Structure formats: structure tokens, C-alpha cells
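Residue numbers (the numbering used here), protein chains in the order written: chain A, 1313 to 1686; chain B, 1313 to 1686.
Structure record follows, encoded as C-alpha cells.
There are 2 protein chains.
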Amino acid sequence: MFRFKQELRIPGPTPVPPQVLAKASSPMINHRGSVFKEKLPQILRRLQPLFGTTEQVYMVTGSGTAGMEMAVANLVSPGTPVLCLVGGFFGERWAKMCRAYGGEVHELSYPWDTAASPDQVREYLLSHPEIEVVFATHNESSTTVINDIQALAEARGSHQALLVVDAVSSLGGVPFAMDEWGVDVVVTASQKCLMAPPGLAFVCFSKRAREKARASSGSRYYFDLEIYDAYFQRQEPPYTPSVSLCFALDEALNILEAEGLERAFARHLLMRDMVRAGVRALGLEPLTEDKCASPTVTGVKLAHADAFRAEIREKYGVEFAGGQGPFAGKIFRIGHMGYATPLDMLTSLAVLEMSLDMPGAATSAAERVWKQAQ
Amino acid sequence: MFRFKQELRIPGPTPVPPQVLAKASSPMINHRGSVFKEKLPQILRRLQPLFGTTEQVYMVTGSGTAGMEMAVANLVSPGTPVLCLVGGFFGERWAKMCRAYGGEVHELSYPWDTAASPDQVREYLLSHPEIEVVFATHNESSTTVINDIQALAEARGSHQALLVVDAVSSLGGVPFAMDEWGVDVVVTASQKCLMAPPGLAFVCFSKRAREKARASSGSRYYFDLEIYDAYFQRQEPPYTPSVSLCFALDEALNILEAEGLERAFARHLLMRDMVRAGVRALGLEPLTEDKCASPTVTGVKLAHADAFRAEIREKYGVEFAGGQGPFAGKIFRIGHMGYATPLDMLTSLAVLEMSLDMPGAATSAAERVWKQAQ
């Protein structure tokens, strides 16, 4: 039903505003010509406030995973002792990737519905002075958990370890202060809170991370920071980038800047709170406690979650995401990142309450949250 | 002048047909949903005739270089003896990339305006039985040379070496027969003869190459064939792909199939022959001899080539490419790949003859070539 208007409520790729989509159709231009040479540095500078940094932001043509690998490839050589904080699918990805590069991987695992504990990290690092890099996830979209990166960064104390953060599903929707918090590498991608199509990743390195990269012997070419640096110094990408997607992102940044970052952050929190109030009003339980609840995606426990999702997709044209790992088939996830408003949350909740034969129960609870926030 | 209609005559990214650009603006969908699960395998199957293979074509979200690295990352481990045929910028890239992965790199260099010699390759391999992989370039766009891949493949004789070919700037515009020629890995990308925006690479492995990949210990995750295989078996990409660009490529394949591959190949040869006849009629010399002249891009020798290009870009809105490496500033390159017709060659030649104050000289020569081909 209503296939012509699919409501995409998954944690990425997220709906793209029509004015952004329109820019993806811009005529092709020379990526080494004067227009693109002006446009690309502008885009990268406009991303700096989202990272909370004055460092150069690099663009990698690829998925978010490509951005993650740019961090690993430049920092992890065979034998490099690293600590991966694993509390979900994307934390696991850090560990797998570091192993693929021969790193000596220490895993600090925490339950998949909770956040990483800064105290545990502090303790672990105290007893493992050899750790060179800690890999963390800001917003673990697989478990709908937001981690406290500032606290994790502080937990290092005077320990030498660099902190690398996957902020793919948070940057632009959740505050981040790379420089202030002392984070060393931050990775994000175009298709989440940035409201653009997938295909571009963005990575930023602190001065310490750059130094370590220079000394690192891991195999890399496409992801080699040194090559990127050489080209970016003359305002060019090393390899032919997704020119169309850059134009799209440029327009998406116009929208984000017009709203203002603070208001965008508040909007994401409001959507989260509406969804959580709504599902609770239906007698359903969010996967995570309030204290670590992601501002960009909400998990909801439900037996037969996949059949429930399929029915909603068919009947109402609303697409939720399923569970991953231990939660496969046991939860569904409601994405509320990027190009989404509180009104979209009302329709997401409407199809839930209709499916559960509780007309108005969830939406009314969410409306009250919204009213209170006004 | 005429900035609203830039004629992009560079060897990629190439002009994208408006109907293809329009598809890049399609609404975003779930890359793990049923629509994309149907679309992606279709696209990859439709690419097989361009490769000349019945093997699985893999899509990598990234630049053409990412596709090249998928070959290297899966076949080159520290100490792997490889032979790189280097006669241009992209041949050099193979060598650099193999070194980055710790390969023991043998380089067989040949002059930058000629093709690789199958005889030299045969001799080299006879005296170096240890070589495990040969890396070659089909169309070396930096030198506007087409290499005879069939002959290079045959030159191996009974030697064990796998043959990996960069066909980024040729596939879809120049015949290729991976299976018949016995080529083991072929790489291409979306933004050349495929007439789509940049951002997607495509890679295909022979059974022998797959076996070697399984035994190879090089560091890889984003480019790991094993991970791709696991996902592609269930018709899914491992990481979030450029969904918009897939829709665009889908439409580009419609255009290419409607024309027919044989006619597309003939069109590229005709454009090449028109350009070569035209520039010669102006008293200019193509960079390469006819026998190895690229069907997709033509280099033209000219003192002060860069100033000449800049003037043409400013005055006429036609953008040619400059030289690379030893040819920087000494040649200009006329791209004639993908979404280009013989009429476009006439306008490219028109701005040349006007700039050289020889009205009609080049276009009339090119028209005669075209008439003869009819």
C-alpha cells in the first residue's frame, strides 16, 4: 500500500530532502576544475562545527565503513595493541577491522543494551599501559545506545591511548566536541543525520593521531592519510569523488545551517522523547534505559518483531528496521535522524497504535511531550 | 563564456545523460529492503557482458581506485612477487599500491606513449617463474594508449601468474572478454564509459583469483572479497552503498543496451578516428601512434598546452584535460568516452580550429571520416 510514498524510518540511509535530491542531478563537472576546487573545501569547512574541530575534515568516497577503515588503516599495524569497546554491531566492526590489520585486539565488551562504562575503561587502561588506541562508538545504532564520549575520553586520564570514535549515526544530530573532549579520530557519513544520499564518509584526525599515522606501517593506499594530505593541501581529493553527492551534501548543509545545529540537536531529542513516550503508552518497552537512549534511533522490544514490521510496511508504507545480532527478530528500530520532524514521529506512532488496536494511545502521549517542549 | 553549458571533454568524470541524472534524484530507499535486493543483482548481471564474463560482478562504493585496491588487497600479501606493467600514471598506481601492501614489486616499464609489449612480458615471466600476479592497464588514460589485453594474457603461456586489469576508462566503450582471454581480475568504475556519476567501482574475479584471494593474508576489511561474497550470496552489499548512483547506473545501462554494445564500441572508434584526423589536419600530432591509440581519449602534443586549454575553456566553454607525469603541460587530452557522439567531436575540433585560426580545417577532415564510416 502507498508504495509511492514510503516512510523510511530506519537508521540510515535516511530520507533525503527533495531539494537535496535535486542537487544530486546537477550536471557533471571536472573534479579537478575550478568550480569543484572551490566547492569541496567549503563543504569540508562547513562540516567542522559538526565535528567540533578546527582540524581538516577529509572526504572519503565510500560507505561509513570506508571512513572507519581510514582510521584503522592509518593507526593499526601488525601487533599494535588496541582496545575496542564492543557493545553492538558497530563496536564489533571496529574489533574485526583491527584484527584484519593485525592489531593485538583487546575487547572490552558490555551488554548490548547499555553504554560503555567510563570506569571500566579507566580501570582497563590503568592495567594495560601498552594500549595505543581505543576504538569507541558514539551512537551504536544496532543497540540504539548513545555513549558518553566526553566521559570515555576523560577516562583515559594521562594514559597515552588515542581515542577513535565512530560517529556515523550521530554527527549533525547529536552534539560532538572533538577538540574540547580530546578525541583523536572521528568518522561520519553522508546518509544519516547529514540528510544526503549514502556514498561519502568524512574523517578527521587530531595532531597526535596524525603523528601516529606517520609512524604506522599498516597496508593502505586508498585510505592513506599521507596521500590525502598531499592532495587536500592543494584543495583536491586524491581520487575521483562522488561529485553529484557533494552537490547534494552542499544543499543538505544549507538546510542544517538554516535550522541551526542547536535546534537540530533539540529536534532529535524531542523526536526521541516522543517515540519513547509513545511506545510506552502502548505497553511496549524501549530496548535501552533513558540514560543511554540514542537521540537518533529507538529500539522497541517485541516478540515477532519482524512479522510486525513486515505487516506495517505492507499496510501503511512505513519502514522500520529490524534487530541485529542478539536482538534479531526481538526488536524493531524506529529511525529518527536527519530529515525527520516530530510530525513524522506521530505517523510512526500512529501505525503502531493502529496495528496494536489502540487508536490514539501512542500519539496522544507523544503530543503531550511535544506540547511540553514548546 | 557559456558557463551554463560546459562541454566536458575530459577522460572522466564524463557527461551524464539528463535521464541518468534524473534517476540520481530518486527518493531514498532501504538498501536492505526488497526493491534494492532486486535491483542490485540485476545491475550487476547487466554489467557482465561488458566484462565478458559469467562470473559475479561485485560493486564497491568508492572511486575507481577503490576497485583497484580490492584487487590488490585480496591478492598481494607481504612478499608476494608481482609484475606491474608501467607505461603511465595508472600503471604507476598499480605499482604504488602493490608496494603499499608489501608486495615484492617487479616493474616492467615501457615508454609513456606506447603500449606494453606482449613479447617483453613473455620474456620477463619466463625468467621470473616466481611472479604470482601481473598488473596491467587496459586503457591508460594518462597516455591515451590502449593495451592489447588479449595478447598480454596469452603472453603468459603456461606461466602461473594471474592477470589483473584496470579497465576503468574502457569498459563499455571498448570490447573486453575476461573469460575468453583468461583475465583473472577486471576493475571498472561508473564515471567513464558507463555514463553515470562517479562513486561506484566494479570488480570481477576468476575462479583462480578467488582461490588465491582465500590464501592471501593481506590486510583488508572494506575490500575483503570473503565479506563481499558472504553478503552477495544473499543479494546484498556488505556496506551501505550509494543507492542514488545505483539508480542512475541502472538508467545508464538502459541507454547502453538500447544502443547495443557493438554499436557503442564502433561509436568510440569513430570518435577517435575523427579526432585524430581532425587534429592532424591542423598540423598537430597525436601523442600515440595509430596502432595503440585509445578509443576513449586522444592526447595531442602542443607547446603551452595548458594555456591553450585555459583559453578554450574560457572562450568556448569546452573543457579538455591536461597532461600527466612527463606530459604535464606538453599535451592536452580530448575525452571521447561515454555520453558523447560524433557531433560532439565536431564541436571539440571546431574550437581547436578556431583557436588556431584555421576555420573548417579539422571539422571537414573529421566529417570525411564520418561520411566514410556510414
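Where is the CB? At the ideal position from N, CA and C, for every residue including glycine.
Here the structure is a predicted model, which is why all the values come from computation and not from measurement.
Q | Inter-stretch contact (C-beta, 8 Å, three-pair minimum) for the segment 1672-1683 of chain A and the segment 1522-1540 of chain B | A | no
Q) Alpha carbon to alpha carbon, how far is asparagine 1566(A) from glutamine 1354(A)? A) 12 Å
Q) At a cut of 8 Å, does the segment 1438-1453 of chain A reach the segment 1389-1406 of chain A through at least three beta carbon pairs? A) yes
Q. Could one say the Cβ of glycine 1511(A) lies closer than 8 Å to chain B's Cβ atoms, at least one of them?
A. yes
Q. By the 10 Å Cβ neighbour count, where 16 or more other Cβ atoms means buried, how is valine 1347(A) classified, buried or exposed?
A. exposed
Q. Thinking C-beta only, is valine 1372(A) closer than 8 Å to glycine 1379(A)?
A. Against a cut-off of 8 Å, the Cβ pair of valine 1372(A) and glycine 1379(A) comes out as a contact.
Q) Name the chain B residues that come within less than 8 Å of lysine 1408(A), Cβ to Cβ? A) Tyr1533
**Q.** DSSP-derived helix/strand/coil call for leucine 1594(A)
**A.** coil
Q. Under 8 Å between C-beta atoms, does cysteine 1551(B) make it to chain A?
A. Note that residue 1551(B) is tyrosine in the sequence shown here, rather than cysteine. Chain A contact via Cβ: present.
Q. Among Leu1506(B), Gly1485(B), Ser1439(B), Gly1647(B), which has the Cα closest to the Cα of alanine 1473(B)?
A. Ser1439(B)
**Q.** From Glu1626(A), Ala1619(A), Leu1661(A), Leu1655(A), residue whose alpha carbon lies closest to that of glycine 1641(A)
**A.** It is Ala1619(A) whose Cα lies nearest to the Cα of glycine 1641(A).
(Q) With a threshold of 8 Å between beta carbons, is proline 1325(A) in contact with chain B? (A) yes
Q. Helix, strand or coil for histidine 1418(B) per DSSP?
A. strand
Q | Spatial neighbours of alanine 1525(A) in its chain, beta-carbon cut-off 8 Å, leaving aside the 5 residues before and after | A | Within the same chain, alanine 1525(A) has close Cβ partners Asn1386, Leu1387, Phe1517, Leu1537, Glu1538.
Q. Using a Cβ-Cβ cut-off of 6 Å (strictly less than) and excluding sequence neighbours within five positions of serine 1453(A), which residues of its own chain qualify?
A. Pro1323, Ser1481, Val1609
Q. Of the residues Thr1426(A), Pro1430(A), Gly1399(A), which one's Cα is nearest the Cα of glutamate 1419(A)?
A. Gly1399(A)
Q.
Tell me which residues of the segment 1553-1580 of chain A have at least one Cβ-Cβ distance to chain B shorter than 7 Å, keeping chain order.
A. Pro1553, Ser1554, Val1555, Ser1556, Leu1557
**Q.** aspartate 1284(A) classed as buried or exposed, judged by whether at least 16 other C-beta atoms fall within 10 angstroms
**A.** Because residue 1284(A) is not part of the residues shown, which for chain A are 1313 to 1686, the question remains open.
Q. Where are the alpha helix (DSSP H) runs, 4 residues long or more, that stay fully inside the segment 1517-1570 of chain A, in chain order?
A. Fully enclosed alpha helix (DSSP H) runs of 4 or longer: 1519-1527, 1537-1544.
Q: Report the residue from Gln1686(B), Lys1335(B), Glu1319(B) whose alpha carbon sits nearest the alpha carbon of proline 1509(B).
A: The candidate whose alpha carbon is nearest that of proline 1509(B) is Lys1335(B).
Q. Can you give the Cα-Cα distance for methionine 1583(B) and alanine 1576(B), rounded to whole angstroms?
A. 11 Å
(Q) I'd like to know whether the C-beta atoms of leucine 1320(B) and methionine 1409(A) end up nearer to each other than 8 Å. (A) No, they are not a contact pair.
Q: Quick one: list the residues of chain B neighbouring valine 1587(A), beta-carbon separation under 7 Å, in chain order.
A: Correct list: empty, because the minimum Cβ distance to chain B is about 19 Å.
**Q.** First through last residue of the beta strand (DSSP E) which encompasses valine 1394(B)
**A.** From DSSP, the beta strand (DSSP E) with valine 1394(B) extends over 1393-1398.
Q: Determine, using beta carbons only, whether methionine 1586(B) and tryptophan 1682(B) come nearer to each other than 8 Å.
A: yes
Q: Taking only beta-carbon positions, decide if asparagine 1342(B) is within less than 8 Å of chain A.
A: yes
Q | Residues near proline 1487(A) by beta carbon distance below 6 Å, same chain, minus five either side | A | Phe1577
Q.
Determine, for threonine 1392(A), whether the minimum Cβ-Cβ distance to residues of chain B falls below 8 Å.
A. no
Q: Output, in chain order, the set of chain B residues within a Cβ distance shorter than 7 Å of serine 1337(A).
A: Leu1333, Ala1334, Ala1336, Ser1337
Q. If contact means a Cβ-Cβ distance below 7 Å, which residues of the segment 1400-1433 of chain A contact chain B?
A. Those would be Lys1408, Met1409, Ala1412, Tyr1413, Gly1414, in chain order.
Q | Neighbour flag for isoleucine 1646(A) against chain B, beta carbons, 8 Å | A | no
Q. Glycine 1511(A) by DSSP, collapsed to three states: which one?
A. coil
Q) In three-state DSSP terms, what is asparagine 1257(B)? A) Coverage of chain B is limited to positions 1313 through 1686, which leaves residue 1257(B) absent and any answer about it impossible.
(Q) Just to confirm, is the Cβ distance from glutamine 1318(A) to glutamate 1626(A) under 8 Å? (A) no
Q) Of all Cβ atoms in chain A, is any one closer than 8 Å to the Cβ of glutamine 1636(B)? A) no
Q: Examine chain D for any beta-carbon lying closer than 8 Å to the beta-carbon of serine 1470(A), and answer yes or no.
A: Although the question refers to chain D, the structure presented lacks it and instead comprises the protein chains A and B.
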